[in-house]
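Here is the structure we will look at, set down as structure tokens.
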Amino acid sequence: MAENPFTKTDPARSSESAAPAINRALVAQSDPLILSGAGWFWWIAGLSVVNTIMMHSGADRSFVIGLGFTLVADAIFKEMKLVAFIIDALALAIFFGFGFLSRKGHLWAFVTGIALYTLDAGIYVLGQDWMSVAFHGLALFYMIRGANALRAALKAAATPPPVIAPPPVAG
Numbered sequence: 143m144a145e146n147p148f149t150k151t152d153p154a155r156s157s158e159s160a161a162p163a164i165n166r167a168l169v170a171q172s173d174p175l176i177l178s179g180a181g182w183f184w185w186i187a188g189l190s191v192v193n194t195i196m197m198h199s200g201a202d203r204s205f206v207i208g209l210g211f212t213l214v215a216d217a218i219f220k221e222m223k224l225v226a227f228i229i230d231a232l233a234l235a236i237f238f239g240f241g242f243l244s245r246k247g248h249l250w251a252f253v254t255g256i257a258l259y260t261l262d263a264g265i266y267v268l269g270q271d272w273m274s275v276a277f278h279g280l281a282l283f284y285m286i287r288g289a290n291a292l293r294a295a296l297k298a299a300a301t302p303p304p305v306i307a308p309p310p311v312a313g
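Below you can see the structure in the form of structure tokens.
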């Protein structure tokens, strides 16, 4: 029978009841859609860092793809920069972590990150910053596409390859 390259069996278990463990990282690394979707978390975190620096430098502009949450925290704690930086660092670490874990094949990281980024888009909706809302929508599209690709790839990896029966012998 053909081996599934995304699974590994535990030799300690009997071959009859052994459910192969899926190598989630290998599954995720094998699909560019998954990597692309996960990469958006890093772009969001990176551009949010730039937004934070710009905000505390007195700039009146920001990147539309960054986190609205960090901009709100920076505005609220403008006089307490250390508090703002701590809040920003936590938010950015979380999004960086979602990107890292999504690339390792953890679907929950995709789903949680998508949910939080959707809530973050609500900040821009309240502020009627439609360009940021549109870019949040674009990022969410690619993140959801990556999550769906991961879900399908994990399901396919868990499915054993079909057994091809030899043709019947005429006799």
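Sequential numbering from 143 applies to the sequence shown in this note's numbering.
We put the CB at the ideal spot given by N, CA and C, even for glycine.
For residue j and residue i, believed in contact at Cβ under 8 Å, the rounded distance
| i | j | result |
| --- | --- | --- |
| residue 284 | residue 275 | About 16 Å; that fails the 8 Å criterion. |
| residue 281 | residue 176 | No, residue 281 and residue 176 are not in contact; Cβ-Cβ is about 15 Å, not under 8 Å. |
| residue 300 | residue 164 | 6 Å |
| residue 260 | residue 230 | Rounded, the Cβ-Cβ distance is 20 Å, inconsistent with contact. |
Top-ranked residue by Cα proximity to residue i, from the options
| i | options | result |
| --- | --- | --- |
| residue 180 | 273, 246, 270, 272 | 246 |
| residue 277 | 288, 293, 262 | 262 |
| residue 236 | 221, 178, 302, 186 | 186 |
Beta-bridge pairing of residue i - partner residues as DSSP gives them
| i | result |
| --- | --- |
| residue 286 | DSSP output for residue 286 lists no bridge partner at all. |
| residue 294 | In DSSP, residue 294 forms no bridge with anything. |
Cβ-Cβ distance between residue i and residue j below 9 Å
| i | j | result |
| --- | --- | --- |
| residue 264 | residue 240 | no |
| residue 279 | residue 210 | no |
| residue 360 | residue 244 | Because the chain in this structure spans residues 143 to 313, residue 360 falls outside the shown range and cannot be described. |
| residue 292 | residue 258 | no |
- Where in the stretch 184-263 do unbroken runs of the alpha helix (DSSP H), each at least 4 residues long, occur, reported from the N-terminal end onward? As far as the stretch 184-263 is concerned, its whole alpha helix (DSSP H) runs of at least 4 residues are 210-218, 223-245.
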